[in-house]
Structures are given as C-alpha cells and as structure tokens.
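Sequence lines, in order, name chains X and G.
The first sequence runs 1 to 860 under full-length UniProt numbering.
The second sequence runs 1 to 121 under full-length UniProt numbering.
Ideal placement from N, C-alpha and C gives every residue a C-beta, glycine not left out.
Predicted model, so just to flag it, every value in this text is computed and none were measured.
The block underneath contains the structure these notes are about, expressed in structure tokens.
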Amino acid sequence: MTRSYAVIAISVTFVTGALHVFGLFVAPNGMAYDTWLQLRPTPVSAVLVVEVPDGAQDRPAAAWGELAQDLRGLGARQIVFAFDPHAADALGPSPGLAGDDLTVGRLARQFGSSSEEWEFLTPAPPTGTTWGAVFVPPAEYGIHRRQPISITVDGEVVPSLVGLAAERAGATDVPPPGTSFLLRFPESADRVPRIELGRVLEGEVVRDLFDGRTILVGVAEGPAAVGLTTPISPDAPTTRPLDFSAIALETLLNRRTVRDLELVPASFLLLATTLAGALVYSRVGPKNWPWAMALVLAGIVLLGTAALEAGDRLLPVTEIIFSQVLVSILVWQNREGNQDRMLRGLLRQFSSEDSGRRAEAALPPDWPVLCSMTRRLLGLRRSIFLVPGKRPSRLEQAAAIGCCLADLPDDCLDPRRPPYLDAARAGEPVQVPSTFLDCASEDELIYLAPMRRNGAAAGYWAFTVAGDEATEVPDMHRALQTAADLLDDERKPAGLRYDSATKAVDALLYSRLGSMSLRARMLDSILDEVSTALVVFDQLGRVLHANGPMSPLTAAIGVPLDALTPSDLMAALCRLPEEQGSRLTRRVLLEGSGIELPALVDVEGRRYLLRFSPLRPSPRPGISEGLMCELLDVTDLVRLAQFQRSFVQHVGLQLRHEVATIHMAATLMADERLPEGKRRRSSAHLQAAVERTLERLAKVETFMEEEIETRSAVVLPVDPALALKSALATVAEAAEQKGVRLEAQRSSLAGLVIADPLELRSLLGALLRLLVGDARRETEVSVTFEEGTTVVEIFLRNNGLGLPQARLEAILRGEEEPQSTELRDLRHGVRAAERWGGRLVGEGRPGVGFQFGLTMTRFT
Amino acid sequence: MPRVMLIEDDELLRDLLQIRLEVEDYEVVTASDGLEGLSLLELERCNAVVLDLMMPVMDGLQFMRALADALADPPPVVVLSALHRPAVETDLLAAGVREILRKPVDLEMFLSKLAALTGRG
C-alpha cells in the first residue's frame, strides 16, 4: 500500500473519531444494539418485582419492616426498596429494615442538559441505612438503554440503587462509578416477574417465586411510574421505571453487563480496520467494489456480534462502517486520479514519438489535417474547408491553404443558397465562377464539393485546379472523402460511442488506441502482402513481428513462431550449429553488420537465402534494437543456375568430343600408312570438326548472353530430367495421399533440350497435377522419355477418368474455357511451350485417362 | 582379322575411328546408336565393341543392359566417352564394360587395350 493510501486511512480515522466525539454515531450504534437484543433477548430470572400501588408507599415503616421479614421468610436473597420506606423523621433504620440484605432508594432527578447535574427529590434515609439513588436514566436520542452506575449530586458521587444492590449481592461485574452499562432486555416488559403487594401481605404466594431472588419493591403506577421508551418498547414509552430497574439489576446480578469498548482499544480497532480497508480497496477495482463492500460489512457485523456474544462489548460498528465507506471512496478517487494522470502522460509521450511520422489523429476538429493532405496527396495549390458557423447564414473557415475566408465574397457564405445548394444536391464537385475565390488566377478552375464527416454533412470544400486537371476532380473528391472517413474511423474504434459521460482523457485514449490499431492493421496487411517472408527479432532474440508468408515456413521447419530465435532459423535452414548461429546473431546485434546465408534445406520445395540485418541502433550503446531476417526466395534463380550448370557441363562434354574428333583426324593425317583417299577424308573431317566446334562455341556464347537474372522468359539448353524431378516433387504429396505411384524412366545419360527451364517445369507440373488428380486410387502415372537424333519426347499417361478427346482439344486450343485449375494451367503451359519450339499433343479417353506427348528440340 | 563393332552417333568421329581401326588392321562394323548396334550384334559376331555413351534412341548404358539380355556371350566392350561420372561408370562396370576411356583418348592406350581384348596383344 502506498503512502498516500496510508495517509488517507489515518485521516479518515481522525475524521471518524471527531464525528464520534460529536455524538453522530450514538443513535445508529444504539439501533444496532437494539437489533441484536431483539435477536438475543435475555430472560429475567434473578429479580422479582413487588408492585406497590400508588400511595401505599406511605405505609408506616414498621409495616415495611414486617414485609421485609416476610420476604426473608420466603427465602428472598436480597430486598431492595425503590423508595425510602422510613418515615421522614426517622432517626435510624426501623426494625426489619436494617441488615446487609436490604437496600433502599432515594429519588433523584436530572436537571439541566448536563449529565452531571442531579438533585435529590426526597430527604436522605436515616443514618445507618444503606441507600442508593433512584432516577430515570438518561436517554440516547429518546431510547433508554443504559443504566449509570452512579450520579453526581453537589459534587458527590452517589451510587445508583441497582448498582449498590448488585454490589451488596456479590455481583462481581459491576462497572466502576462514573460509567454506565447497557441493559440486557427480555423480549418484553411483561417478561419481568412481578407480584402485587396485596398478595404478598395476604400470604397468597408460592415460596419458589421468592426463594433465592432479589426482591425489588417499588411503586408500579402513578405519577412516578411514567413509562420509558426502551428497545423492548420502541414505539411507545411503556416500560415502567420499576421494570427498567429490575432489568438493570438482573443484568448486574447475572454479570452480563454490556459496555462500550474502551477508548484506546476502540481507536486502535478503528485505525486498523481503516488501514486494512484502504489496502483492500487499493487492490480491488471499481467493478468489484460492491462485493468488497459487502464482504467488509459482513465482516463488521460478524465482529460486532462476536464482541457482544463473547465479550459483552459494544464495538463502534457504525464508526467502522462509516470509515470503510469513506476510505473506499477516497482510495478509489485517488486511484482514478493517478490513472488519469498516468494515461495522460503516456498519451503525451505517444504523441511526441508519433509526431512527424504521420498526421496527428487529433480529436475534432481535424480539418487542418485534411487540408494539408490536399497539398501533399493531391498537389493542390488552394484549398479551403468551410463549416457551419455560429449563424446559420454564414459559413466559417475550418482550414485553408493558399487562400482564406476573406477571399470569398461576403454574399457567397450562405450555405442555404447557391452554389452550396447546387453542390449539396449534386453530391459531387461543381465548378463555380472565378469570382468565388478572389485570389485564384486566370488559369485556375474553381470547384466546390460537399464534405461528409462521421456520416453526416459537415461542410464544403472549395479548391482550384489547373485546366488540364479538370477530369481528375471527381477522383480528387473521392480520394479526399475517403481520407476523411479514414480519419474519422481511426479516431473512434468500431462500436464506441462518444457521449457526454465520456471523459476527455478516455476519449483521447480511444482516439489514440484507434489510430494505433488502425496503423498496426495497415502495417500488418502491407507486410503480409510482401512476397518475402520476414521476421523481426528484438535484442533478446524474441519475435516482435512476423508477416504472413513467414508463418507457413516456421510450421514447415517445426518451430512455433512464439519460440523462434535467429539461431533456430540458421540451424533449421542453413544447418549451422547452435553455437555458430548464436555467434552470428551476436555479430549482427553488436557489430551492426548484416549477413547472408544460403539455405541448404528446401522448405516446401522452395530454396531461400537468409538475410539478417540489424535494426536501427538503440539508445543503449553497443547494441541494435533488434534484427530482421528476410527469407528471400531464390528458388527460381537456383533452378536457373542448376540448368545453366548442366548446360555448361554438357558444353564441356561436347567440346571434349570435338577435341577428340580433331585429335583423331590430326593423328590420322600424320600417319604415313594412311592411303591418300582416306587422308583427304580425314582432312575434310578435321575441317568439319573445327567448324563444328566454332559453331558450338558461337551457340554457347548466344545462350550465355541470356540475362536469366532479369528476363522473365529465357530459352536455354536444359536438362529435362531436372525439370521433371522438380515437377514430380510438387505432386508427390498429392499422389501419396491418393496412393498413386509416380514412375519416371529416364536415362542418366540423356542430352539436353531447348526450352525455357521454368516454363518447362511449370508445364510438366501442370501435366502431372492433371494426371494425378484424374487418376484412380492405387494406380500409376508413368513418365517415359524417347530420345531421337533431333527431338526428345516425353510421354505422360495415367489410368483415370479422362475427358472426351474433342473437349480436350478444344480446351488446349482455347476454344473452351477450362473448369479446373489444372486444365487452365495446362493450357497456359501449352502456349508457353510453343514459344520455345515445344509441342504438346494430348489424348483423352473417358474411363481410361489421359496420355500426353511433349516434343522438344534436342540440343546438339 | 578381328572384327570390331563401333557404336558412335557422331558421323565425323565414327568415320575417323573407323579409318583408324582399319589402318590398324581391324575389320570395322559401325552403328549410329545403341539400338542399331544391338541389332547388328545379333546378326554378326564381333570380337569387341567400341561404345560411345551419349547417343540418341538408345544410349550406352541402355545398350549394355540390353546386350546382356540379347546375347548369351557378348563381346567385350570398351567405352569411349567424354563423360566422367563415377556413378555411371559404376553402373557400366556392373553391366559388363571392360574398359572405360575418356575422350580425347590416348590413342596408343586405346589401341593397346583393344588389342588385348581382341586377343591380339
């Protein structure tokens, strides 16, 4: 818990204490006690009331003495007279009225508002008589529930009758003088045991009623017996003072006095609960406030009940509840204020970091943003946005570039008149006279267009264009309206409604979040559209962002994106040991130098070059903010290089062959045994071989001049086996799933053909996809080569459903639109093959399948 | 005079080799591809075969595999080729080729090996 919350808790405790001193909580605490009493009434069992009729208290003292004797004879433990039974002029206790078991009362009353101001109403009993004060106890807001142990009369502390009688009866829990206690009331006053004096005097009594009890003799009715309002008679003052005294005496005799918690423990309890509450509320959010408060109240009730039940103490429950409510309000206010301040700081920081990179997505108005876009995006010299002003007949300037409101004639600012009406009706830009904008030059055309913001008409946009740009005006308006809609959308996330209850800081937060979210979505979609797979790592090698093309690659190499590290990529694709991968990663991050690594493993048939680049230097010296890995797809380049390599190897073989031919001719010509005719033949062959060699070299030069890196289509001598191998790889999985066997027979010594290597591969791939897709399960797709002297033919066939021949030919000729992707790709491949001299012939037989023959020129 | 089958698709070299072998007192039968050579061998007995590898219609390796099926006692074969590919050479030797010489060939060595195979050396 922070210091501020502790300060709040302590302050609340002091405030509560101050209010307690002013007596604010007396009534509610009393009501709480009353409620508990109703649930837990205490029967009266130790006291018996003898009701004296009004006026009978004036009987002679001797008679009262006889009564006392009779009561003793019935087994009374103690006799308490709620009045003085002695005569006014008695000099000492009368017979029967003396003894340790007898106490008499002397009437007193309170005068004035202070509880210290009491006076006696009757003379003091005779000396030697034990007496205590009889009085109406002070009320708490009209309810009598406490009995003072003593009163102060003329500065002298006088014990109350009930207190004194309880002490003389041996009660050990009598509170000290100057204090009071709470009575434990029965269910009702009727529950107080009583008997009329007359019956006692006549002996019509049962001994058990008196045996062991304290007998309280008092006047039950009459002027002195005005009823009191008590917890057992809350609606009407019907509890007699005599009954009240009996209940008080009962409470004392049974050691069940309930007292208030003393000041010091009560203060500590209040402080502790307030601090605990502050701690809880500082961690509980507003959503959980009702639950927290309910729990707290329940806890307080339980604590208070337990204190009464087990400790006979009345806790300051109202004070505690009040402090809990007050501290919860103050703690949450403090939290809200802190959160708002923190949020504003974050938003200011975001705003300062974001400024200059993009237009500020401020809360309304943002016409200036839109206005600056007209210059940046549309290249307009003059733009002015007009919005409704204070007067309905006059528009005001919201933003402008290259002009201002003063450039418009005064009579051209009423939106209820043309040209505004015309523009609003048209819903698109309308050309207005040159007088509309004073500052426009002669070669500028002026247009006026309506603008909508947040789906409603918001104003007008006037702008100028050069004469030859007039045709672009509708596009300009559409572009700007789209930009305005974009600005509006990003300032409020979908579904959010701003209203008067939305705090300014919340509105700003939503606006920032909206713009951040929109920007992030735009960046994500842009990066996903990039064909290169890329992933950005932070300084610790954790993935910050990966674009769409990256996801299938990580799945293919078996490492989930959230666990991917640069070393994983190097290990999986480049087969680098982890230690080396880590060293290279450090080089990029710490030295800031990029590296390129060729992948040695194909991923889904593609070959990649991994390029690791450091991100910009971080504020921390000596380390970049992270690194970016691009997986450049170099599959086609690698394939072309493979094709070129096989071509170069083939050229080498041919040159060797030519050298062998030349060598053979030369040795023959040097052989003297050779007849002249054969010598001439050998000479001719030598010449022919040399010429042939030169031709081959010229052909090689021609092919080597092909810029395969930049041309989209190149024709080279290519090894068709390589193209076929690559094409077979693309259908291997599909074939396996159908149980289709791929049988390709080709000699490893076959020569090259003239073709575009990539298009040949595509064509073979399209053929194989068609044949595999059409093939029946568990059958075979066969590929065979036949090499002639000038051509090489590749035959592909399957056992499948096929197509009618006429339809197949129509599709390949382009007369019928193919229904499947495979046939579409095939038709495209056929056309491409014709460009480099290839020829495809196909045969389709329904129920049998397909057979294709691809003829290509043999490279010699 | 030993008879040698010369299977070579290049007309120039085939003619030159034929002249050379005839100067060395060999009787020469020529074929321009493996299939033609196989057909001729089924009709005419030869003491040795000089075989090129990279030929259309039926290349040298295909010829060797077909030769074993076609003739019970095929003549020894010397391969004369510009190609140098260890995997292919392994297949050729497994198919029964006796000598593999690379073009341009050392003439003395070629004639010496041919003489040995035809029983002259």
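At the C-beta level, Glu816(X) and Gly773(X) stay beyond 8 Å of one another. Not flagged as an interface residue toward chain X: Met1(G), since no C-beta distance is shorter than 8 Å.
Put simply, the stretch 53 to 66 of chain G touches the stretch 780 to 795 of chain X. At least three CB pairs are less than 8 Å apart. His685(X) counts as buried, since no fewer than 16 other beta carbons sit within 10 angstroms of its beta carbon. Within the DSSP bridge table, the entry for Cys629(X) names Val535(X) and Phe612(X) as partners. Around the beta carbon of Ala520(X), fewer than 16 other beta carbons lie within 10 angstroms, which makes this residue exposed. Non-local C-beta neighbours of Gly605(X) in its own chain, meaning closer than 7 Å and more than five positions away in sequence, comprise Ala729 and Thr730, ordered along the chain. Using a Cβ distance threshold of 8 Å, Asp756(X) and Val714(X) count as a contacting pair. For Arg845(X), same chain residues with a beta-carbon under 6 Å away, outside a window of 5 residues either side, are Gly802 in chain order. For Ala82(G), a Cβ of chain X is located within less than 8 Å of the residue's own Cβ.
Shown in chain order are the members of the stretch 770 to 788 of chain X whose Cβ falls below 9 Å from a Cβ of chain G: Glu786, Glu787 and Gly788.
Under a criterion of Cβ atoms nearer than 8 Å, the residues of chain G adjacent to Arg681(X) are, in order, Asp15 and Ile19. Under the 8 Å criterion on CB atoms, Pro56(G) is classed as interfacial with respect to chain X. According to the DSSP assignment, Phe110(G) belongs to the alpha helix (DSSP H) that extends over Leu107 to Leu117.
Taking Ser682(X) as the centre and dropping the five residues before and after it, the same chain places the C-beta of Ala665, Leu668 and Met669 closer than 6 Å to its C-beta, in chain order. Under the Cβ criterion of 8 Å, Pro75(G) is not counted among the residues facing chain X.
Taking a cut-off of 8 Å for Cβ pairs, the stretch 160 to 167 of chain X and the stretch 46 to 53 of chain X do not touch, as fewer than three such pairs fall below it. Against chain X, a Cβ distance below 7 Å from Pro104(G) picks out Arg656, Val659, Ala660 and His663.
Note that the C-beta distance between Arg259(X) and Pro175(X) is below 8 Å. Within the DSSP secondary-structure output, Thr464(X) pairs in a beta bridge with Ile446(X).
Close to Asp671(X), with beta-carbon spacing below 7 Å, are these residues of chain G in chain order: Val23.
Listed in chain order, the alpha helix (DSSP H) elements of length 4 or more contained wholly in the stretch 723 to 790 of chain X are 757 to 774. For Val78(G), there are no C-beta contacts with chain X under 8 Å, since the nearest C-beta of that chain is about 14 Å from it. Exposed is the label assigned to Gln819(X), since fewer than 16 other Cβ atoms lie within 10 Å of its Cβ.
Between the stretch 631 to 642 of chain X and the stretch 746 to 762 of chain X, the count of Cβ pairs shorter than 8 Å is three or higher; the stretches touch.
Sequence-distant partners of Glu221(X) (beyond 5 residues in either direction) whose C-beta falls short of 6 Å from its own C-beta, in its chain, are Asp54.
Apart from the 5 residues on each side of it in sequence, Glu8(G) sits with its Cβ closer than 6 Å to the Cβ of Arg14 and Asp52 in its chain, given in chain order.
In the DSSP assignment, Glu815(X) falls outside any beta strand (DSSP E), carrying neither H nor E. Between Arg77(X) and Ala169(X), the beta carbon gap of about 7 Å places them in contact (Cβ cut-off 8 Å). Between Arg255(X) and Thr172(X), the gap from beta carbon to beta carbon is short of 8 Å.
Chain G has a Cβ within less than 8 Å of the Cβ of Lys678(X). Inclusion of Thr103(X) and Thr122(X) in the CB contact set at 8 Å is not warranted, their separation being larger than that value. When 8 Å is used as the limit between beta carbons, Asp69(G) is near no residue of chain X, the shortest such separation being about 16 Å.
The C-beta distance from Ile321(X) to Ile300(X) rounds to 6 Å, short enough to fall under 8 Å.
Pairing Val79(G) with Gly60(G) gives a Cβ-Cβ distance under 8 Å. The beta carbons of Ala68(X) and Leu24(X) sit about 48 Å from each other, so the pair does not count as a contact at 8 Å.
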